[in-house]
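One structure below.
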Amino acid sequence: MSAGLRSKDPILDPYRFDPKTNTKLRNWFLKEKRDLPFRKNRTPYSTWVSEIMLQQTRVAAMLPLYEKFMQRFPTPEELANAEEEEVLRYWQGLGYYSRAKNLHLGVKKLVHEFGGKFPKTLEEVLSLPGVGPYTARAILSISYNLPFAVLDGNAKRVLSRLVLFQESGSKADPKLQKIADSFLNTEFPGDHNEAVMELGARVCIPKPLCNECPLQIDCEANKAGLQESIPPIEKKKKEIPLNIRFYLLHTENGFLLLRYPERRFFKTIYSLPFGFEGKNPYESDPVLDWDLKANDL
Ligand code: SF4
21 MSAGLRSKDP
31 ILDPYRFDPK
41 TNTKLRNWFL
51 KEKRDLPFRK
61 NRTPYSTWVS
71 EIMLQQTRVA
81 AMLPLYEKFM
91 QRFPTPEELA
101 NAEEEEVLRY
111 WQGLGYYSRA
121 KNLHLGVKKL
131 VHEFGGKFPK
141 TLEEVLSLPG
151 VGPYTARAIL
161 SISYNLPFAV
171 LDGNAKRVLS
181 RLVLFQESGS
191 KADPKLQKIA
201 DSFLNTEFPG
211 DHNEAVMELG
221 ARVCIPKPLC
231 NECPLQIDCE
241 ANKAGLQESI
251 PPIEKKKKEI
261 PLNIRFYLLH
271 TENGFLLLRY
281 PERRFFKTIY
291 SLPFGFEGKN
301 PYESDPVLDW
311 DLKANDL
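Each residue of the sequence shown is one higher than the last, beginning at 21 in my numbering.
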């Protein structure tokens with residue numbers, strides 16, 4: 021690559037990476053990769069569980085829970101047959117329980133509709149609950165060595181810097197996916213994807229350690245001295261301060277708690293009814309519009 025490629029639109033005109041860059045990256049990965057339990061004996065199921073756990077959770081925090089989870093649910097069938105309550109118990113400590121619920125639903129579908137055998141097409145994999153484009157591509161490339169390039173936060177940072185791509189935010193994602201596709205090592209897609217993400221997690225971090233990077237001489241951002249300003253930081257969304265007042269409505273038998281999905285907040289849990297004070301951009305709970313009298317309750 022040369023600095024002349026900087027203004028390219030990767031959709032109209034894909035980047036052409038030097039295959040030697042891929043080889044350097046893979047060699048670095050094979051030598052430096054962390055010895056993580058989920059990297060041993062990778063089945064689509066174990067990759068699926070580890071990828072879901074790693075969303076919003078750091079590796080060090082997820083490892084002990086991953087091992088316990090896999091001991092209790094070593095196969096898709098064991099997980100599919102478990103009660104949700106038990107699955108959630110084994111998820112304790114990871115938070116974001118909707119991930120566990122969706123994983124459970126997805127594995128049930130895998131067992132009941134695909135005979136427990138993980139499908140090999142992107143379309144079928146994306147039909148599994150809780151499996152988005154990143155997870156689908158990660159499983160297919162890492163466990164089946166199929167040529168799908170992944171794009172997580174680490175990969176986006178590495179790729180943007182490698183080609184000096186100066187856009188960020190969700191609108192940039194289709195272009196970044198094109199860059200990732202062009203960079204993919206189609207002979208070893210699983211190693212390649214893990215290598216890109218590992219480089220982003222350990223070397224090409226927000227304040228990058230370029231002197232330790234195997235791709236330093238290939239990196240356009242490094243050549244331009246712009247590595248720390250790429251990807252550009254997205255403007256923060258404007259914050260809207262809200263004052264919420266909760267209401268205690270009760271009879272001698274207990275308090276009124278509400279839960280309904282149309283609410284702006286607290287959609288999935290029971291809470292006291294509430295309304296907003298001051299500038300009021302949101303609706304109050306409709307129960308507060310009832311003409312309530314003390315004796316009604
Ligand atoms: S040289 Fe620096 S900025 Fe470029 S990929 Fe390596 S760590 Fe990232």
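Cβ atoms here follow ideal geometry from the backbone N, Cα and C, with glycine treated the same way.
*How would you label Y86, buried or exposed, when you count the other beta carbons within 10 angstroms and need 16 or more for buried?*
One-based indexing of the sequence shown puts residue 86 at position 66. By the 10 Å Cβ count, Y86 comes out buried.
*Does the region 71 to 82 touch the region 109 to 117, meaning 3 or more C-beta pairs lie closer than 8 Å?*
Per the Cβ contact rule, the region 109 to 117 is in contact with the region 71 to 82 (3 or more Cβ pairs under 8 Å).
_Continuous alpha helix (DSSP H) stretch holding E232: start and end_ = By 1-based counting over the sequence shown, the position of residue 232 is 212. Counting along the chain, E232 falls outside any alpha helix (DSSP H), and DSSP gives it neither H nor E.
*Excluding the five sequence neighbours on either side, which residues of its own chain have a C-beta within less than 7 Å of the C-beta of V223, listed in chain order?*
For the purposes of this step, residue 223 is taken as the residue at position 203 of the sequence shown. Only L229, E232, C233 meet the Cβ criterion.
*Would you report the Cα separation of S70 and G274, rounded to the nearest angstrom?*
Here residue 70 is taken as the residue at index 50 of the sequence shown, counted from 1. Here residue 274 is taken as the residue at index 254 of the sequence shown, counted from 1. Computed Cα separation, rounded: 43 Å.
_Whole angstroms are fine: how far does the CA of E254 sit from the CA of T170?_
For the purposes of this step, residue 170 is identified with residue 150 of the sequence shown, where counting begins at 1. For the purposes of this step, residue 254 is identified with residue 234 of the sequence shown, where counting begins at 1. Going by the sequence as given, residue 170 is Val instead of Thr. Taking the straight line from one Cα to the other gives about 22 Å.
*Based on Cα-Cα distance, which residue from P64, L32, N42, L292 lies nearest to V151?*
Taking the sequence shown and counting its residues from 1, one reaches residue 151 at position 131. Comparing Cα positions, the closest option is P64.
*Pull up the distance between the alpha-carbon of G220 and that of L125, whole angstroms please.*
Numbered from its first residue, the sequence shown carries residue 220 at position 200. Numbered from its first residue, the sequence shown carries residue 125 at position 105. Approximately 31 Å, taken between the alpha carbons.
*From D55, K121, P96, pick the residue whose C-alpha is nearest to that of H132; which is it?*
Residue numbering aside, residue 132 sits at position 112 when the sequence shown is read from its first letter. Nearest C-alpha to H132 among D55, K121, P96: P96.
_So if DSSP puts L278 in a beta bridge, which residue, or which two residues, is it bridged to?_
To locate residue 278, count along the sequence shown from 1; it is residue 258. The partner list for L278 (beta bridge, DSSP) reads S291.
_Applying the 10 Å Cβ sphere with the 16-neighbour rule, what's the burial state of I225?_
Position 205 of the sequence shown, counting from 1, holds the residue named residue 225. Within a 10 Å sphere around the beta-carbon of I225 sit fewer than 16 other beta-carbons, which makes this residue exposed.
*Would the region 202 to 209 and the region 41 to 61 be scored as touching if the rule is three or more Cβ pairs under 8 Å?*
Yes, they touch.
*Any chance the CB of L229 is under 7 Å from a heavy atom of the ligand SF4?*
As a position in the sequence shown, residue 229 is number 209, starting the count at 1. Here the distance from the Cβ of L229 to the nearest heavy atom of the ligand SF4 is below 7 Å.
_Start and end residues, beta strand (DSSP E) containing I264_ = As a first step, residue 264 is located in the sequence shown; it is residue number 244 there, counting from the start. 263 to 266 is the span of the beta strand (DSSP E), which, as asked, contains I264.
*Any heavy atom of the ligand SF4 closer than 7 Å to the CB of R279?*
Locating residue 279 in the sequence shown gives position 259, where the first residue counts as 1. Incorrect: R279 has no Cβ contact closer than 7 Å to the ligand SF4.
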